[in-house]
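Remarks on the structure that follows.
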Amino acid sequence: SISCSAAFYQGFLCNVLNPKLAVFLLSLFTQFVQVEASLLEKGIVAGIFVGESLLWWPILVLILQIPTIQSLFVSFRHILDRISGALLIVLGARVVLRSEP
308 SISCSAAFYQ
318 GFLCNVLNPK
328 LAVFLLSLFT
338 QFVQVEASLL
348 EKGIVAGIFV
358 GESLLWWPIL
368 VLILQIPTIQ
378 SLFVSFRHIL
388 DRISGALLIV
398 LGARVVLRSE
408 P
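In this note's numbering, each number is its position in the sequence shown, counted from 1, plus 307.
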């Protein structure tokens, strides 16, 4: 077991150094912010992304530390993997089918 500060530092570095996260956030950012938006509007949206991340991950960690939740997650993991895989295939197919030549 590691300390809370070490866990935070490890998770922070993992997110900051992950290039997929930057691409994901940029793709989301461009969906919600118009090019002609003011710096304040862009800052508000960026702040919402940061605030959401600062709330979501600690809550998720706390929930997944509950032994009952851990055992449920382990027992249903294969089902969750299949459902999420199917959803990604459907979303990918929609993107391909909606693409204009």
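The beta-carbon is built from N, C-alpha and C at its ideal position, and this holds for glycine as well.
Query: Contact under 8 angstroms by Cβ, V352 with F339; Result: yes
Query: For F380 and L371, believed in contact at Cβ under 8 angstroms, the rounded distance; Result: 7 angstroms
Query: Boundaries (first-last residue) of the alpha helix (DSSP H) holding V352; Result: 346–371
Query: For N322, the first and last residue of its enclosing alpha helix (DSSP H); Result: 311–323
Query: C-alpha gap between C311 and G354, whole angstroms; Result: 24 angstroms
Query: DSSP-derived helix/strand/coil call for S378; Result: helix
Query: S406, DSSP secondary structure in three states; Result: coil
Query: Alpha-carbon spacing of P374 relative to L367, whole angstroms; Result: 13 angstroms
Query: Three-state secondary structure (DSSP) of L334; Result: Note on residue identity: the sequence assigns Ser, not Leu, to residue 334. Looking at S334 - three-state DSSP - the assignment turns out to be helix.
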